[in-house]
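Visitor: When we follow numbering that gives the first Met the number 0, the leftmost residue of the sequence shown carries the number 0, and every step to the right adds one.
Virtual Cβ for every residue (Gly too), placed ideally from N, Cα, C.
My structure is below; once you've seen it, I'll send some questions.
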Amino acid sequence: MKVLIAGGAGYIGSTVASACSDAGITPVILDSLVTGRREFTAGRAFYEGDIADGPLVDRIFAEHPDISAVVHCAALIVVPDSVADPVGYYRANVAKSLDLVAHLLRNGCRRLIFSSSAAIYRAGEDLTVDEDSLVDPQSPYARTKAVCEAMFADVAATQPIRVLSLRYFNPIGADPKMRTGLQLARPTHALGKMIQAQQEGVPFVITGADWPTRDGSGLRDYVHVWDLAAAHVAALTRFDALPGQATVINLGTGTGTTVRELLAAFNRVTGRPVEVREAARRPGDVAGACSRIDRAERLLGWRPQYDLAEGISHSLQWAALRDEILPGGPGTR
Ligand SMILES: NC(=O)c1ccc[n+]([C@@H]2O[C@H](COP(=O)([O-])OP(=O)(O)OC[C@H]3O[C@@H](n4cnc5c(N)ncnc54)[C@H](O)[C@@H]3O)[C@@H](O)[C@H]2O)c1
Numbered sequence: 000m001k002v003l004i005a006g007g008a009g010y011i012g013s014t015v016a017s018a019c020s021d022a023g024i025t026p027v028i029l030d031s032l033v034t035g036r037r038e039f040t041a042g043r044a045f046y047e048g049d050i051a052d053g054p055l056v057d058r059i060f061a062e063h064p065d066i067s068a069v070v071h072c073a074a075l076i077v078v079p080d081s082v083a084d085p086v087g088y089y090r091a092n093v094a095k096s097l098d099l100v101a102h103l104l105r106n107g108c109r110r111l112i113f114s115s116s117a118a119i120y121r122a123g124e125d126l127t128v129d130e131d132s133l134v135d136p137q138s139p140y141a142r143t144k145a146v147c148e149a150m151f152a153d154v155a156a157t158q159p160i161r162v163l164s165l166r167y168f169n170p171i172g173a174d175p176k177m178r179t180g181l182q183l184a185r186p187t188h189a190l191g192k193m194i195q196a197q198q199e200g201v202p203f204v205i206t207g208a209d210w211p212t213r214d215g216s217g218l219r220d221y222v223h224v225w226d227l228a229a230a231h232v233a234a235l236t237r238f239d240a241l242p243g244q245a246t247v248i249n250l251g252t253g254t255g256t257t258v259r260e261l262l263a264a265f266n267r268v269t270g271r272p273v274e275v276r277e278a279a280r281r282p283g284d285v286a287g288a289c290s291r292i293d294r295a296e297r298l299l300g301w302r303p304q305y306d307l308a309e310g311i312s313h314s315l316q317w318a319a320l321r322d323e324i325l326p327g328g329p330g331t332r
């Protein structure tokens with residue numbers, strides 16, 4: 000089997016590409032390198048360019064007529080940037096995705112797997128969500144994901160293509176073989192900040208200690224990026240058995256972890272506790288949610304294999320290697 004991975008030079012797409020290769024599926028990469036890294040495409044068929052570039056997509060399908068599915072991970076993903084530049088974000092994530100699906104239809108591609116996000120949900124009081132929970136995105140970024148899902152479902156309703164939207168929760172970790180990981184030197188998510196606090200000997204700041212969670216800190220569902228990648232392999236393998244023209248599946252662990260719990264796990268893994276400070280909530284933050292994962296299990300036969308400590312440990316290993324594998328490049332997200 001051969002699969003086109005749009006955004007395959009990024010954090011998740013490159014990991015999906017490795018998982019595909021390991022499973023005997025040949026990845027072909029299309030990436031503009033706007034945030035991705037050329038190093039992550041080494042040894043793979045790689046087309047540098049934009050998903051909206053019709054002649055380029057036509058050339059890829061002409062040169063690889065055996066591509067049987069597309070995994071679409073190409074997007075801009077920084078929430079505050081999407082607030083500052085909504086036009087740019089809708090153009091990059093929605094308009095270009097619409098162009099891409101038109102190019103796929105023209106080239107006879109029948110299977111599309113779309114990288115969606117748990118950020119589109121409004122969680123109930125118990126802070127868990129499943130695929131039927133209310134969709135109520137709270138940022139332009141998250142709304143671009145919800146709009147794309149709806150747009151693809153409309154296309155799939157009458158056109159010869161089927162769509163699976165995978166709603167990722169909070170990816171952590173790296174390829175366990177350390178081929179790829181987060182390309183940014185200074186990631187801004189909680190685990191990235193903990194690693195930075197430890198490296199620089201500065202306090203880790205808990206932003207918001209008054210959320211309606213068991214200890215007041217925000218709650219997330221941290222899923223290992225290799226488990227996410229394995230879910231894509233399962234989805235590619237089982238695609239034709241999925242129900243309906245457009246399906247959505249949550250990819251999380253089913254376990255919520257608060258920031259304080261993440262910090263405790265981090266300290267256990269490193270054995271060197273970082274100092275902690277508390278600060279007010281940041282604008283736009285949410286209490287968070289974790290996934291109910293029955294559908295992923297039922298439709299994909301998928302369950303996460305890695306636990307939180309392994310995700311933390313792989314993130315630390317990658318952080319120690321990152322500058323050697325990816326010299327220079329973008330610093331923060
Ligand atoms: N990382 C997360 O926390 C997270 C959570 C939920 C969903 N997602 C989704 O997963 C996908 C991948 O995220 P990631 O964390 O790997 O981000 P990333 O920035 O590492 O990867 C995105 C890749 O897409 C490429 N790209 C962007 N726009 C493009 C375009 N127009 N044409 C060609 N290539 C383009 C970038 O160069 C990059 O390689 C995104 O769609 C994102 O919305 C990510």
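#1: In chain order, what residues of the same chain have a beta carbon less than 6 Å from the beta carbon of alanine 5, not counting five sequence neighbours either side?
#2: By how many angstroms is the C-alpha of phenylalanine 203 removed from the C-alpha of leucine 298?
#3: Under 8 Å, do isoleucine 119 and arginine 58 count as touching if we go by C-beta distance?
#4: Tell me valine 247's beta-bridge partners as DSSP assigns them.
#5: Considering only heavy atoms of ligand 1, does any lie closer than 7 Å to the CB of leucine 325?
#6: Using a Cβ-based criterion (distance less than 7 Å to any ligand heavy atom), does leucine 3 qualify as near ligand 1?
#7: Using 7 Å as the cut-off, classify the Cβ of glycine 9 as near or not near the heavy atoms of ligand 1, replying yes or no.
#8: Specify the secondary structure class of threonine 40 as computed by DSSP and reduced to three states.
#9: Should proline 242 be labelled buried (16 or more other beta-carbon atoms within 10 Å of its own) or exposed?
#10: Cα-Cα, which of Leu307, Ile160, Val33 is closest to glycine 253?
#11: For lysine 176, is the classification buried or exposed, using 16 other Cβ atoms within 10 angstroms of its Cβ as the cut-off for buried?
#12: I need the DSSP call for isoleucine 205, collapsed to helix, strand or coil.
#13: Could you say which of Ala61, Phe39, Glu274 lies nearest to lysine 192 if we only look at CA atoms?
#14: Between the alpha carbons of threonine 25 and isoleucine 205, how many angstroms are there, rounded?
#15: So who's on the other strand from serine 31, going by DSSP bridges?
#16: Should leucine 261 be listed as close to ligand 1, given that the test is whether its C-beta is under 7 Å from any heavy atom?
#17: Which residue from Asp125, His63, Leu75 puts its Cα closest to that of leucine 103?
#18: Quick one: Cα of threonine 331 to Cα of proline 186, how far?
#19: Which residues in the same chain as glutamine 158 place their Cβ atom closer than 7 Å to its Cβ, once the five residues preceding and following it in sequence are excluded?
#20: Which runs of the alpha helix (DSSP H) fall wholly inside the region 254-292 and span at least 4 residues, in chain order?
#21: Three Cβ pairs or more, each shorter than 8 Å: is that satisfied between the region 82-91 and the region 17-24?
#22: Any idea what DSSP makes of isoleucine 66, helix, strand or coil?
#23: For glycine 12, which residues in the same chain have their Cβ closer than 6 Å to its Cβ, ignoring the five residues on either side in sequence?
#24: Alpha carbons only, please: which of Ser96, Asp125, Ala184 is nearest the one belonging to leucine 320?
#25: Exposed or buried, valine 201, counting other C-beta atoms within 10 Å across all chains shown (16 or more means buried)?
#26: Take the Cβ of arginine 142 as the centre, count every other Cβ of all protein chains shown within 10 Å, and call the residue buried at 16 or more, exposed below.
#27: Count the other C-beta atoms from every protein chain shown that fall within 10 angstroms of the C-beta of proline 282, then say buried if there are 16 or more, exposed otherwise.
#28: Please classify leucine 133 as buried or exposed, where buried requires at least 16 other C-beta atoms within 10 Å of its C-beta.
#29: Going by DSSP, which residues form a beta bridge with glutamate 47?
#30: Are there any heavy atoms of ligand 1 lying less than 7 Å away from the beta-carbon of tyrosine 167, as far as the coordinates show?
#31: By DSSP, does threonine 187 sit in helix, in strand, or in coil?
Guide: Taking the structure as given:
#1: Leu29, Ile50, His71, Ala73
#2: 39 Å
#3: No, the pair does not count as a contact, with Cβ atoms beyond the cut-off.
#4: Ser164
#5: no
#6: no
#7: yes
#8: helix
#9: exposed
#10: Leu307
#11: exposed
#12: strand
#13: Ranking Ala61, Phe39, Glu274 by CA distance to the CA of lysine 192 puts Glu274 first.
#14: Taking C-alpha positions only, threonine 25 is separated from isoleucine 205 by approximately 42 Å.
#15: Answer is none; serine 31 lacks a bridge partner.
#16: no
#17: Comparing alpha carbon positions, the residue from Asp125, His63, Leu75 closest to leucine 103 is His63.
#18: In this prediction, threonine 331 scores a pLDDT of 42, lower than 50, which makes its location untrustworthy; the coordinate-derived value is nonetheless stated afterwards. Distance between the alpha carbons of threonine 331 and proline 186 is about 5 Å.
#19: Leu104
#20: 258-269
#21: Counting C-beta pairs closer than 8 Å gives fewer than three between the region 82-91 and the region 17-24, which falls short of the contact rule.
#22: strand
#23: Ile4, Gly6, Cys72
#24: Ala184
#25: exposed
#26: Answer is buried; the Cβ neighbour count reaches 16.
#27: exposed
#28: exposed
#29: According to DSSP, which records beta bridges pairwise, glutamate 47 is partnered with Asp30.
#30: yes
#31: coil
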